[in-house]
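A short write-up of the structure that comes next.
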Amino acid sequence: MLNPRPHGTVLIGMTEIAARSFVVSVCGDDVCEVEENCLNCPADCGICPMSIAIKVAIGLPVALFSSGFILTMVWIQYQKQRMLWDESWIISYKRIIFGRTGLLGLGSTMSLQRIRSNSTNSQTTEVTVCTGVNTSFRQDFIQPGLYDGRTVAVKHIQNKHFTLCKTIRKEVKEVRLLDHPNLCKFIGGSIEVPYVSIITEYCPKGSLSDVLLNEDIPINWGFRLSFATDIARGMSYLHQHKMFHGRLHSRNCVIDDRWVCKISDYGLTVFRREDFEATSNGFNCGNVNRLYCAPEVVLGSSPNMTVAADVYSYSIILVEIATRSDLISHQAEGVRVDIAWRPPLPEVKAGKADTDCPSQEDYCELIKKCWNHNVTTRPTFEQVKKNLDKMNPHKVSPVDMMMNLMEKYSKHLEAIVAERTQDLLQEKQKTDRLLYSMLPKPVADDLRQGRTSEAQSYSNATVYFSDIVGFTQLSGASTPHQVVDFLNQLYTSFDDIIDNYDVYKVETIGDAYMVVSGVPQQNGINHAGEIASMALDLVSVCHTFKIPHKPNTQLQIRAGIHSGPVVAGVVGTKMPRYCLFGDTVNTASRMESTSEALKIQVSGATANLLHTLKGYILTCRGTFNVKGKGDMTTWWLEAKRDDFTDPLLNTSASSGFPVSVSD
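Residue numbering for the sequence shown is 1 to 663, as defined by UniProt numbering.
Below, the structure is given as C-alpha cells:
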C-alpha cells in the first residue's frame, strides 16, 4: 500500500519533488506592502521623515555660515565707513618742524633755481601739472620738514577756501590703501587754512629731472632702465587699482636714498586743487606742461585721467632719461607749442659698455608706441614693463649698481691717491732738500718735529771765509741785476764744489762766503783737510770763471781758514738761521780780510792739523800783527801734493814744510 504524499509534492519516476510557494514583495509597484517601509522601499512608501539630529547637523553650519557672511559684510562696510571718516591722517601744521633742511626743490637746489629763473622772466608762466587747473610754478617744489622724528615732504596747497568734504575723504582713503615700493607713500595732510598741505614720504636724492641734469652723478644705462622700470611698475600698480595719475612728468618722479624711483603727486585731485580761473573748456595746460600732455587731452576730446594719457606722458620721460636733458628749457617761454610737436628721438649709442644703450632700436620703438596719436595702440604699463625687461636682461638693482660704481670709483680713487702720494713724496723730497740746504739735517729734523734745537759746543772745527777782491768797484760799475746774476752764477759754482766735501755752508752775505767743517757732524781732525781741499778747488774755479757782464775781468777772491772751538745753534723763529759763535769765527774772518787775491791764508792752528793729516803744501807767510789778535804766524795754502789722494786716508806723504808750526 502506497503511503500518501504530502501536499505540494510531485513524483517523477523514482524521484519525489517537493514544491513550496512564496509571496514576494516587489518595490516599485506603487503598493506599500507589509514588508516594505520608508527605509527599504522609499519609492512605494515615501521618504522617511528627517530626524532632529540630522536637522541640527545640517542647519547649524548653514546658519553659522550665513551669520558669518552677513557679519563680515557688515564689518567690511563698517571698516570702509570707519576709514572714510577716520581723521588720524590729519596732521597739525604746528607739529611739523621746518628750517633744519632748508627749502629745496624735491631735495635739491636745481628745482628752486629753476623756479627763481622762471619767476623772474615771467610771473604768469603756467608750468607743471596737467590736472585740469591752471597752477603756477610754486606747486612743483616741496618744503622738507621734520614730523614725528622723520623727515617728510610738505607740499603746500594754495587754497584759501578749503573744506574737508566727503569727496576729499574718499580720495584720502584711496591713497592710504595704496602701498607699493615705487609709490611715494602718503603720510597725511594739513587742513588748516592757509597752511593746507599734503605730507608724503621724503626722497632725499631729489626729482628724476634733477638727478638727470646733474652731470656730477654718473648714470649708466643700467640706472636709466632701472628708473624707467620703476616708473612703469608704479604706474601699473596705480592703474590696477583703477587710479590714474594725469600729471606725470619727470619732476614728480623722485629718487629715494636707495636710488629707487618713486611716483609722487598721484591721486587727491580735489584735495590738491588750488584756486584757479577756469578756462572755456575747464582745462588749461601751459606750454611747459603741454610737452607731457597727450594731444587728445590738449584738444579736450579726452580727459587727462586715462591710461593712454599717462602712457603718453611716460614717453616724454623716456626721452629725458635717454638724453639727460631738460626738454622744458628747450621751449621758448610764451610761445604756444604745436599739438603735434614731439621731442626728437634720442640719439643713443648702442653697445655693451655701461654708457651704451643695450637695445637702441627697441628703446626708440617703445617711445614711438607710447606717444602714438592712436590712443588704442598705446601699450599698457604692463606691456611697457615686459619690453623694458627684455632690454635690461641683467636686472641689477640700483643698490648693486651703485655698489659696483662705488667699487670702480674706489679703485679709481686708489689709483689717484697712489699717484698723488707719489707726487706728495716728490714734493716732500723737494721741501726736504730746500730745508736741508738752509739748516743742518739734524737741526731741521728737530725743528720739523716741534722740538727745540739747543745750541751745541764743538771742541774743534775749521771755518772758511772768502770774499771778492774789488767787489765794491765792480758793483758800482754794474747794475743791480747784473750783480745778482753774477753772484748767483758764482755761488752756484761754489755750491756744486762744496757738495763733494764734508762741509756745511753757513751763509753768504753779499760777496762773503762762509763754510765750516766738523759742525754739526764731527769728523775728528779731518775737518781741516776737508776745508783745505775745498778752498783749493774754489780758488781754482775762479781762474776760469767769467763774469757775465765783464768777461775780460779776472775774478779774484781771497780766502782765510782757521781752526778752533765754536758754538753753533739756531737763532730766531721766523726765517731761523744756523749760526756759529766764538773767537774761532772772528779769527777766520781776520785770516780772510788780511789775505791776498787768489790766495788762501791759514792760521797756525789749521797748519798744524794739515801737517798732521799730511798731503798739503804750505808756505809760511810770516808773523804780523792781526787786529784784535796780536802777532800771528800764518801760512799760504799752496796746493795738494801730487802723491796725496784723500786727507781722510791720512796717508804717510811728507809735509810741505819740514818743521812743526804753531801760533
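Heads up, the beta-carbon is just placed ideally off N, CA and C, and yes, glycines get one too.
All of these numbers come straight from a predicted model, not from anything done at the bench.
Contacting residues, own chain, Cβ-Cβ under 7 Å from residue i (five flanking each side not counted)
| i | result |
| --- | --- |
| I367 | S315, L318, V319 and L345 |
| T612 | I525 |
| N625 | D631 |
| L225 | L388, M391 and N392 |
| V443 | S453, P520, V570 and Y578 |
DSSP-derived helix/strand/coil call for residue i
| i | result |
| --- | --- |
| T544 | helix |
| I509 | strand |
| W635 | strand |
| M514 | strand |
| G189 | strand |
| D362 | helix |
| I90 | strand |
| S561 | Residue identity differs from the one stated: residue 561 is Ile in this sequence, not Ser. In the structure shown, I561 sits in a strand (DSSP, three-state: E or B). |
| I17 | strand |
| I96 | coil |
| D179 | coil |
| F271 | coil |
| C32 | coil |
| F624 | strand |
| P42 | helix |
| L424 | helix |
| I600 | strand |
| V59 | Residue identity differs from the one stated: residue 59 is Gly in this sequence, not Val. If DSSP states are grouped into helix, strand and coil, G59 belongs with the helices. |
| Y292 | coil |
Same chain, Cβ closer than 6 Å to residue i, five either side skipped, listed in chain order
| i | result |
| --- | --- |
| I54 | none |
| Q556 | V469, A597 and L598 |
| I168 | V270 and F271 |
| D583 | none |
Cβ shell of residue i (< 8 Å), same chain only, five flanking positions each side left out
| i | result |
| --- | --- |
| T15 | none |
| T151 | T101, P144, G145, Y202 and P204 |
| S302 | A294, E296, A308, A309 and V375 |
| L434 | none |
| N281 | Confidence at N281 is low in this model, with a pLDDT of 40, below 50, so the placement of that residue should be treated as unreliable; the coordinate-derived value is given next. The answer, listed in chain order, is G300. |
CB of residue i within 8 Å of CB of residue j, strictly
| i | j | result |
| --- | --- | --- |
| I255 | G206 | yes |
| I90 | I191 | yes |
| S264 | T200 | yes |
| D310 | F244 | yes |
| Q601 | G560 | yes |
| Y436 | A532 | no |
| I47 | C38 | yes |
| A568 | Q456 | yes |
| R378 | K369 | yes |
| K629 | R590 | yes |
| V483 | S475 | yes |
DSSP bridge partner residues for residue i (one or two, in chain order)
| i | result |
| --- | --- |
| N523 | Answer by DSSP bridge pairing: none, since N523 is not bridged. |
| Y578 | V570 |
| C253 | I263 |
| A461 | G564 |
| D446 | D446 is not bridged to any residue. |
| S197 | H156 and S190 |
| residue 665 | What is shown of the chain runs 1 to 663, which leaves residue 665 out entirely. |
| I76 | In DSSP, I76 forms no bridge with anything. |
| I468 | I557 |
| T619 | W636 |
| Y409 | Paired residue(s): none; Y409 is not in a bridge. |
| L146 | I97 and T151 |
beta-carbon residue i near the ligand NAP non-hydrogen atom, thresh 7 Å
| i | result |
| --- | --- |
| Y202 | Among the ligands in the structure shown, none appear at all, so the ligand NAP cannot be discussed. |
Next item on the list: Pair every Cβ in the stretch 487–503 with every Cβ in the stretch 582–597, then say whether three or more of these pairs are closer than 8 Å.
Entry: Verdict: no, contact absent.
Next item on the list: Count the CB pairs spanning the stretch 461–468 and the stretch 511–526 that are closer than 8 Å, and state whether there are at least three.
Entry: Yes, the stretch 461–468 touches the stretch 511–526.
Check: Does the stretch 227–240 come within contact of the stretch 289–300, defined as at least 3 CB pairs closer than 8 Å?
Finding: Too few Cβ pairs lie closer than 8 Å, so no.
Check: At a cut of 8 Å, does the stretch 554–571 reach the stretch 426–433 through at least three beta carbon pairs?
Finding: The answer is no - the stretch 426–433 does not touch the stretch 554–571, with fewer than three Cβ pairs under 8 Å.
Margin query: Taking contact to mean 3 or more Cβ pairs, one atom from each stretch, closer than 8 Å, check whether the stretch 603–620 and the stretch 527–534 are in contact.
Written below: In the pairwise beta carbon analysis, the stretch 603–620 is classified as touching the stretch 527–534: at least three pairs are separated by under 8 Å.
Next item on the list: Evaluate contact between the stretch 210–226 and the stretch 174–187, counting only Cβ atoms and requiring at least three cross-stretch pairs below 8 Å.
Entry: By the C-beta criterion, the stretch 210–226 is judged not to be in contact with the stretch 174–187, since fewer than 3 inter-stretch pairs fall below 8 Å.
Margin query: Under 8 Å, with one C-beta from each stretch per pair, do the stretch 533–549 and the stretch 572–582 reach the 3-pair mark?
Written below: They do not touch, by the three-pair rule.
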